[in-house]
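One structure is given below, encoded as structure tokens.
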Amino acid sequence: DLSIPRLILAYRQGIFPWYNPGEPIFWWSPDPRLILEPSDLHVSRRLERIIRQGRFQVTLDRAFNEVIKACSETRMKSGEGTWITPEMIEAYTELHYLGKTHSVETWQEDRLVGGLYGIAMGRVFFGESMFSKVSNASKAAFVILVRQLSEWGFAMIDCQVTTWHLLSLGAKEIPRPFFLKRLKKLIDLPSKAKSGKWS
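In the working numbering, the protein residues as written are 984 to 1182.
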């Protein structure tokens, strides 16, 4: 059941769906949990230079459908399989129309070359997936997003499971009980982000 009320309730409790096509829906709450606090963001000199030089144009909520489909297709092409099934795409797209899920797009000459999407609740952003067709495109999207979230008063980005890619950007593992305690504190606090689409 990927109904909107169930998804919202699950995220509020630190649980997210993750399963393969043809399987029952599995719900996850990893221990440890990978998170990023905006103040811990680490940007390498090289990446900072790429961002400053304007090699990418980064937008918010301009192409949600394209981003979530690209995330799914990229994982399929890499042979990893994907949990972003058609049912997941439909559910998260509906959440997007409700102003709950958001996308970040990285462009080069009007070509979508990278991006990510996730869910915003209170002062928490739950990162779901990212893709990159050009080196550093998804990292640039992530950095711009974290800086914007910081300006809006967000205090935690839930990165869900550990990857070296996210560790290199300053994410850290914390015990699940500590994550849930932080989540409970932040999930109902208002942020400065505008309601609805961020574009």
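The beta-carbon is built from N, C-alpha and C at its ideal position, and this holds for glycine as well.
For Trp1135 and Ser1178, believed in contact at Cβ under 8 Å, the rounded distance: With 8 Å as the limit, Ser1178 and Trp1135 do not qualify as a contact, their Cβ atoms being about 12 Å apart.
Paired residues, beta bridge with Gln1131 - DSSP: In DSSP, Gln1131 forms no bridge with anything.
Assumed close pair Leu1095, Ala1124 - CB separation to whole angstroms, cut-off 8 Å: The Cβ separation is near 11 Å, so there is no contact.
Burial state of Gly1183, where buried means 16 or more other Cβ atoms lie within 10 Å: With the chain represented from 984 up to 1182, any question about residue 1183 goes unanswered, as that position is not in the structure.
Distance, Ile1051 Cα to Glu1088 Cα: 10 Å
Pairwise C-alpha distance: Glu1092 and His1079: 25 Å
Rounded C-alpha distance that separates Trp1011 from Ser1182: Rounded to the nearest whole angstrom, the C-alpha separation of Trp1011 and Ser1182 is 30 Å.
Beta-carbon proximity of Ser1086 to Tyr1100, cut-off 8 Å: yes
Host beta strand (DSSP E) of Arg1045 (start-end): First-last for Arg1045: undefined, no H or E at that position.
Continuous beta strand (DSSP E) stretch holding Ala1103: start and end: Arg1094 to Met1104
Pair within 8 Å by beta-carbon distance, Val1026 and Ile1127: no
Glu1020 beta carbon less than 8 Å from that of Ala1138: It is a contact, given that the beta carbons lie within the stated cut-off.
Beta strand (DSSP E) runs contained entirely in the region 1108 to 1175, provided each spans 3 or more residues: 1139 to 1143 and 1155 to 1157
Within 8 Å, strictly: CB atoms of Leu1043 and Gly1105: no
Own chain residues within Cβ distance below 6 Å of Arg1159, not counting five before or after: Asp1014 and Arg1016
Whole-angstrom C-beta distance between Ile987 and Glu1077, which should lie under 8 Å: 6 Å
Leu1081 versus Phe1047, Gly1098, Thr1068 and Trp1066, residue with shortest Cα-Cα distance: Closest option to Leu1081, Cα to Cα, is Phe1047.
Residue environment, Trp1147, which counts as buried when at least 16 other CB atoms sit within 10 Å: exposed
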